[in-house]
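Residue numbers (the numbering used here): 1 to 380. A quick write-up on the structure given underneath.
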Ligand SMILES: Cc1cc2nc3c(=O)[nH]c(=O)nc-3n(C[C@H](O)[C@H](O)[C@H](O)COP(=O)(O)OP(=O)(O)OC[C@H]3O[C@@H](n4cnc5c(N)ncnc54)[C@H](O)[C@@H]3O)c2cc1C
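This is how it looks when you write it as structure tokens:
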């Protein structure tokens, strides 16, 4: 039962159809095996890149799809409804390209952006450190200027695509001036001294590799710094506003996928002589799940339209991330309940969806941090 979408143009409606067909052909048949064996699906990202789905919100002159966020996010939702790890990866890749696009010089953009947007080069985003997650200004990884190079030393924790990516967007300290002492660099994966620690053993999103990236005196040419020295944290945080919309869309897709499994099961499963969906107590659970999914979708789309119109949207992005991820946690948990004992087994993906939903409330700023952003904005 595909979601009925109001797409702004005929071209964007076609894009949704293209995504659906690609998802059923290339993604759905591979999900279970990759998630069960914790295998990172690098080829799937190449396929998405070749279909133009990794570059949608970027201008055509750099090889992007020239689509507004309202369209990009709905494509992302369709991908995540089938495979959350790939949805997260698509969003993280967009986040990794964001800084170059927004603050890069024309020369930097011309040199690197087309390959990044084509999906030939997969990106990762290195902000967090072991002792600096919610409070990134506490980071210690240092980039020390040495002539026409910086030398980066430290460790960036929790890197999605760590050890799999082709380039890393890295925030590192260039002075001791707190949040104003951080700069942003694009570091190629094959830089000597750069390596990935062993991947984290996670509760969910097992097809998405997460690892600490170790920087042992990694030499990075000055031309690979994005923006001015000291501008790194604002670049990272501006990227996160857009990234949070991505996570909101991914969480909505995940919840949509769980809802569909629950509805299908509830129509077939009989108890007390009728389908369980026809017992009002359970029908109301499904009704609440549907309401939660639709509210999440409406909330991220409202925020995306503000962004597309060039208006401030930081508060709305945090609201979208908060609502969509909390709703995804509730909807996926309820999906397990609708399936009863079967929901608690690996015979159905409902339990996986529930495990995957949990991390959505944690990364790209925990939902406590989203509330902090919203409250600070309200107090201004
Ligand atoms: C699977 C996965 C993938 C990730 N991918 C990336 C990535 O690609 N790049 C990257 O840079 N990072 C990534 N992260 C890191 C993620 O963004 C951080 O885990 C997150 O920001 C929280 O930081 P922390 O884990 O250090 O928790 P902490 O900051 O230690 O927080 C612990 C608890 O305290 C709460 N808390 C902290 N400060 C406050 C406050 N002021 N008010 C109220 N409550 C507060 C938090 O909400 C949380 O509940 C990833 C994490 C995971 C799990």
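Think of the CB as a built atom: it goes at the ideal place given N, C-alpha and C, for glycine as much as any other residue.
Residue 126 holds the alpha-carbon nearest to the alpha-carbon of residue 189 among 231, 126, 263, 238. Linking residue 312 to residue 130 through their CA atoms gives a straight-line distance of about 31 Å.
Two segments are said to touch when three or more pairs of C-beta atoms, one from each, lie closer than 8 Å; by this definition the stretch 46-65 does not touch the stretch 231-241. In this structure, the beta-carbon distance from residue 122 to residue 149 does not fall below 9 Å. Under DSSP, residue 219 takes part in a beta bridge, and its partners are 151.
As a beta-bridge residue in DSSP terms, residue 129 pairs with 132. A distance below 9 Å separates the beta carbons of residue 124 and residue 167. Residue 328 and residue 351 have their C-alpha atoms spaced approximately 13 Å apart.
Three or more Cβ pairs drawn from the stretch 344-358 and the stretch 247-258 lie within less than 8 Å of each other, which places the two stretches in contact.
Non-local beta-carbon contacts of residue 342 in its own chain, meaning distances under 7 Å to residues more than five positions away in sequence, involve 348 in chain order. Each residue's CA atom was taken as its position, placing residue 203 and residue 9 some 39 Å apart. About 6 Å separates the beta carbon of residue 186 from that of residue 100, a gap short enough to meet the 8 Å contact definition.
The criterion of a C-beta distance shorter than 9 Å is satisfied by residue 305 and residue 70. In this structure, the beta-carbon distance from residue 152 to residue 103 does not fall below 9 Å.
Residue 191 carries a coil assignment under DSSP once its states are collapsed to helix, strand and coil. Ligand 1 never approaches residue 83 closely enough for any of its heavy atoms to be under 8 Å from the residue's Cβ. Apart from the 5 residues on each side of it in sequence, residue 243 sits with its Cβ closer than 6 Å to the Cβ of 95, 364 in its chain, given in chain order.
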